[in-house]
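J.: Here the protein sequences line up with chains Y and S, keeping their order. The numbering of the first sequence is the numbering used here, which starts it at 1 and goes up by one. The numbering of the second sequence is the numbering used here, which starts it at 1 and goes up by one. C-beta atoms are modelled at their ideal positions from N, C-alpha and C, and glycine is treated no differently. I have a structure here, written as structure tokens, and I will follow up with some questions on it.
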Amino acid sequence: MAKLPVLRLENLTVGSRRAGMPSILANASLSFAADDCTVILGPNGAGKSVLLRAACGLLPITQGSVAWGPANRDGLPPFALVFQKPVMLRRSALDNIVYPLLHGTIHRAEAYARATQALAQVGLAHLAARPARVLSGGEQQRVALARALVTQPQVLMLDEPTASLDPASAALVEDIVRQAHASGVAVIWTTHRLGEAKRLAKRVLFVDGGQVVEDSPASRFFTQPATLVARAYLQGESA
Amino acid sequence: MLVQALTEAISLLLSGDGKLVKIILLSLGVSGLATLLAAIIGVPLGGVLAVARFPGRRFLIACLNAAMGLPPVVVGLIVYLLLSRAGPLGPLGILFTPSAMVLAQVVLIAPIMAALARQIIEDTHAEYREQLDALRISRWAATATLIWDARFSLVTVVLAGFGRAMAEVGAVMIVGGNIDGVTRTMTTTIALETSKGDLPLALALGTVLLALVLAINALAAWLKEWAVARYG
Numbered sequence: 001m002a003k004l005p006v007l008r009l010e011n012l013t014v015g016s017r018r019a020g021m022p023s024i025l026a027n028a029s030l031s032f033a034a035d036d037c038t039v040i041l042g043p044n045g046a047g048k049s050v051l052l053r054a055a056c057g058l059l060p061i062t063q064g065s066v067a068w069g070p071a072n073r074d075g076l077p078p079f080a081l082v083f084q085k086p087v088m089l090r091r092s093a094l095d096n097i098v099y100p101l102l103h104g105t106i107h108r109a110e111a112y113a114r115a116t117q118a119l120a121q122v123g124l125a126h127l128a129a130r131p132a133r134v135l136s137g138g139e140q141q142r143v144a145l146a147r148a149l150v151t152q153p154q155v156l157m158l159d160e161p162t163a164s165l166d167p168a169s170a171a172l173v174e175d176i177v178r179q180a181h182a183s184g185v186a187v188i189w190t191t192h193r194l195g196e197a198k199r200l201a202k203r204v205l206f207v208d209g210g211q212v213v214e215d216s217p218a219s220r221f222f223t224q225p226a227t228l229v230a231r232a233y234l235q236g237e238s239a
Numbered sequence: 001m002l003v004q005a006l007t008e009a010i011s012l013l014l015s016g017d018g019k020l021v022k023i024i025l026l027s028l029g030v031s032g033l034a035t036l037l038a039a040i041i042g043v044p045l046g047g048v049l050a051v052a053r054f055p056g057r058r059f060l061i062a063c064l065n066a067a068m069g070l071p072p073v074v075v076g077l078i079v080y081l082l083l084s085r086a087g088p089l090g091p092l093g094i095l096f097t098p099s100a101m102v103l104a105q106v107v108l109i110a111p112i113m114a115a116l117a118r119q120i121i122e123d124t125h126a127e128y129r130e131q132l133d134a135l136r137i138s139r140w141a142a143t144a145t146l147i148w149d150a151r152f153s154l155v156t157v158v159l160a161g162f163g164r165a166m167a168e169v170g171a172v173m174i175v176g177g178n179i180d181g182v183t184r185t186m187t188t189t190i191a192l193e194t195s196k197g198d199l200p201l202a203l204a205l206g207t208v209l210l211a212l213v214l215a216i217n218a219l220a221a222w223l224k225e226w227a228v229a230r231y232g
């Protein structure tokens with residue numbers, strides 16, 4: 001029996017309902033499986049972030065639907081979203097990570113145990129008590145990743161998580177995501193870093209002008225992109 | 001004459017004059033309690049107005065902003081009418097007592113705290129909104145989170161309210177009646193003694209009042225600076 005998708009988007013459209021006005025995202029119909037590691041590529045303003053935000057319910061949908069897989073246990077959402085600029089709450093690194101768990105149905109002691117473990121997994125156990133907002137950008141992004149992973153999401157979404165990081169910090173983030181994926185979390189990642197995309201992606205979505213213009217296995221996309229616009233993007237030219 | 005009054009004021013302060021101490025303690029007690037009650041009402045109200053979306057929200061915010069400029073004597077008059085024997089709260093029998101003064105000050109400073117708190121919490125919400133929404137945090141839980149995370153800025157709001165309450169004279173004069181030993185505060189005493197020409201007591205109280213206001217402002221500034229350095 002085929003596995004149920006962890007996320008299915010049907011005709012997802014975000015933007016104006018008025019005739020003649022362009023949509024920010026138009027008629028995206030996509031399905032993501034539990035073992036997917038999808039990288040979304042496309043120029044600035046193409047609609048990559050809009051796609052993630054609309055799927056997570058952060059943007060109002062003009063039409064279409066979003067269906068998530070089976071509900072998560074512990075009363076937590078089935079997905080987690082990591083932003084380009086991590087939003088750190090004004091409290092310690094550990095308290096940032098335990099925060100979503102305290103709003104679920106998990107016992108407090110277990111929540112702290114899980115948060116401590118998550119912090120150790122991103123290599124920041126020694127900074128547990130440090131106020132999160134005084135950490136470096138790279139450390140903050142790892143705290144954000146731990147906060148996302150501690151909820152044990154079925155889908156981890158990342159919106160250009162390494163765009164503001166130096167190469168060493170970006171590599172650490174990439175490693176953590178790779179480990180999460182290996183442990184069974186579906187990953188949807190937007191980026192402009194092609195090297196990163198080549199290392200991570202099993203599947204590539206290419207978005208341009210609010211349309212998903214290409215949906216290919218990564219191996220094919222990077223060697224034989226089907227569209228001119230994707231080919232130009234890979235070659236560093238503007239289409 | 002001024003030098004003589006100043007010398008007498010200093011000796012009053014140094015001697016720990018009983019009457020002076022009683023007036024200072026009453027002022028601190030009334031304004032402290034009023035600040036506490038106004039914070040309990042104003043800060044959560046500001047939080048709800050910052051986060052919740054409901055019809056009439058903008059109108060309520062406009063009313064709150066307008067209430068920040070309420071003239072104290074008008075507040076005093078309204079509270080007086082409410083508490084007077086024929087008024088709806090007359091049976092409480094608290095007119096011309098410190099309780100009436102607390103009530104007037106709460107009416108005066110709660111809108112100030114709510115309006116300032118709303119602005120601060122709304123700014124924090126703008127930064128946190130997407131993250132809290134992505135974590136599917138409910139509106140109520142989000143409001144509590146925002147109040148906690150904006151706590152240092154909100155403490156300065158509370159201190160500003162306390163400063164306003166301490167410095168206020170019109171409303172407490174009307175509802176307290178400025179009764180010697182019962183409802184006479186620093187500001188009402190200064191007004192009365194100055195009109196009587198008894199400057200030493202007025203000057204001594206004025207010095208204490210100024211020192212308190214300065215200390216409150218310094219504390220607020222220091223707290224903000226410390227919090228930014230400590231928590232970012």
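1) For the beta strand (DSSP E) containing Gln63 of chain Y, name the first residue and the last one.
2) Would you grab the beta carbon distance between Pro77 of chain Y and Arg136 of chain S for me? Rounded to a whole angstrom, and I think it's under 8 Å.
3) Comparing alpha-carbon positions, which option in S:Val48, S:Ala218, S:Leu60, S:Thr97 lies nearest Thr143 of chain S?
4) Would Ser238 of chain Y be called buried (16 or more neighbouring beta carbons within 10 Å of its own) or exposed?
5) To the nearest angstrom, report how far apart Met101 of chain S and Leu95 of chain S are at their CA atoms.
6) Starting from the C-beta of Pro98 of chain S, find all residues in its chain whose C-beta is less than 8 Å away, skip the five residues before and the five after it, and write them out in chain order.
7) List the residues of chain Y whose Cβ lies closer than 7 Å to the Cβ of Gln134 of chain S, in chain order.
8) When you compare the CB of Asp180 of chain S with every CB in chain Y, is at least one pair closer than 8 Å?
9) Rank S:Ala215, S:Arg58, S:Gly56, S:Gln105 by C-alpha distance to the C-alpha of Leu77 of chain S and give the top, closest one.
10) Counting only the same chain and skipping the five closest in sequence on each side, list residues whose C-beta sits under 6 Å from that of Leu158 of chain Y.
11) Ala204 of chain S and Leu20 of chain S look like a contact to me (Cβ under 8 Å); what is the Cβ gap, rounded to whole Å?
12) Tell me whether Pro111 of chain S sits in a helix, a strand or coil according to DSSP, three-state version.
13) Please classify Asn72 of chain Y: does DSSP put it in a helix, a strand, or coil?
14) Exposed or buried, Pro233 of chain S, counting other C-beta atoms within 10 Å across all chains shown (16 or more means buried)?
15) What does the Cβ neighbour count give for Asn96 of chain Y, buried or exposed, with the cut at 16 atoms within 10 Å?
16) If we ignore side chains and look at the alpha-carbon of each, how far apart do Arg85 of chain S and Leu36 of chain S end up?
17) Per DSSP, what kind of secondary structure is Leu237 of chain S in: helix, strand or coil?
18) Let me see if you follow: with CB-CB separation under 8 Å, is Asp149 of chain S close to chain Y or not?
19) Between Leu158 of chain Y and chain S, is the shortest Cβ-Cβ distance under 8 Å, so that the two count as touching?
20) Quick one: what's got a C-beta closer than 6 Å to Ser65 of chain Y's C-beta in the same chain, skipping five residues either side?
21) In the region 104 to 122 of chain S, which residues sit with their C-beta less than 8 Å from some C-beta in chain Y, listed in chain order?
22) Going by DSSP in three states, Phe96 of chain S sits in which element: helix, strand or coil?
23) Excluding the 5 residues preceding and the 5 following Ala38 of chain S in the sequence, name in chain order all residues of the same chain whose CB lies nearer than 6 Å to its CB.
T.: With the structure as the only source:
1) Numbered from 1 along the first sequence, position 63 holds the residue referred to as residue 63 of chain Y. Annotation for Gln63 of chain Y: the continuous beta strand (DSSP E) segment containing it runs 63 to 68.
2) By one-based count along the first sequence, residue 77 of chain Y stands at place 77. By one-based count along the second sequence, residue 136 of chain S stands at place 136. Indeed they touch by this definition, with Cβ atoms about 5 Å apart.
3) Translated into positions along the second sequence, residue 143 of chain S becomes position 143. Selected option, being the one with the closest Cα: S:Val48.
4) Here residue 238 of chain Y refers to the residue found at position 238 of the first sequence. With a pLDDT of 49 at Ser238 of chain Y, under the threshold of 50, the modelled position of this residue cannot be trusted, and the question is left open.
5) Within the second sequence, numbered from 1, the residue matching residue 101 of chain S stands at position 101. Within the second sequence, numbered from 1, the residue matching residue 95 of chain S stands at position 95. Cα-Cα distance, rounded: 8 Å.
6) Translated into positions along the second sequence, residue 98 of chain S becomes position 98. Correct list, in chain order: Leu26, Gly29, Val30, Gly176, Val182, Thr183.
7) Locating residue 134 of chain S in the second sequence gives position 134, counting from the first residue. A small correction: the amino acid at residue 134 of chain S is Ala; Gln does not occupy that position in the sequence shown. Residues of chain Y passing the Cβ test: Cys56, Leu58, Leu81.
8) Position 180 of the second sequence, counted from the first residue, corresponds to residue 180 of chain S. Asp180 of chain S does not count as touching chain Y.
9) Here residue 77 of chain S is taken as the residue at index 77 of the second sequence, counted from 1. Closest option to Leu77 of chain S, judged by alpha-carbon separation, among S:Ala215, S:Arg58, S:Gly56, S:Gln105: S:Gln105.
10) Walking along the first sequence from the start, residue 158 of chain Y turns up at place 158. For Leu158 of chain Y, where only same-chain residues beyond five positions count, the Cβ hits under 6 Å are Val82, Trp189.
11) The sequence position of residue 204 of chain S within the second sequence is 204, counting from 1. The sequence position of residue 20 of chain S within the second sequence is 20, counting from 1. Between Leu20 of chain S and Ala204 of chain S the Cβ distance is about 6 Å, and since that is below 8 Å, they are a contact.
12) Along the second sequence, read from residue 1 onward, the residue named residue 111 of chain S stands at position 111. Correct three-state label for Pro111 of chain S: helix.
13) Residue numbering aside, residue 72 of chain Y sits at position 72 when the first sequence is read from its first letter. Correct three-state label for Asn72 of chain Y: coil.
14) Missing from the structure shown is residue 233 of chain S; chain S here goes from 1 to 232 and no further.
15) On the first sequence, position 96 is the one that residue 96 of chain Y refers to. By the 10 Å Cβ count, Asn96 of chain Y comes out buried.
16) Here residue 85 of chain S corresponds to residue number 85 of the second sequence, with the count starting at 1. Here residue 36 of chain S corresponds to residue number 36 of the second sequence, with the count starting at 1. Approximately 27 Å between the Cα atoms of the pair.
17) No answer is possible for residue 237 of chain S: it lies beyond the span of chain S, which begins at 1 and ends at 232.
18) In the second sequence, counting from the first residue as 1, residue 149 of chain S sits at position 149. Contact of Asp149 of chain S with chain Y is assigned, a C-beta pair being separated by under 8 Å.
19) Counting from one through the first sequence, the residue named residue 158 of chain Y turns up at place 158. Residue-level contact check: Leu158 of chain Y does not touch chain S, since none of the beta carbons of chain S fall below 8 Å from its beta carbon.
20) Start at 1 with the first residue of the first sequence, and residue 65 of chain Y comes out as number 65. Same-chain partners within the cutoff: Glu10.
21) Against chain Y - using a Cβ distance shorter than 8 Å - the region 104 to 122 of chain S contributes no residues.
22) What you label residue 96 of chain S is simply residue 96 of the second sequence in a count that begins at 1. The answer is coil: DSSP assigns Phe96 of chain S none of H, G, I, E or B.
23) The sequence position of residue 38 of chain S within the second sequence is 38, counting from 1. Spatial neighbours of Ala38 of chain S in its own chain (CB-CB distance under 6 Å, excluding positions within 5 residues in sequence) are listed in chain order as Val106, Ile109, Ala110, Met113, Gly161.
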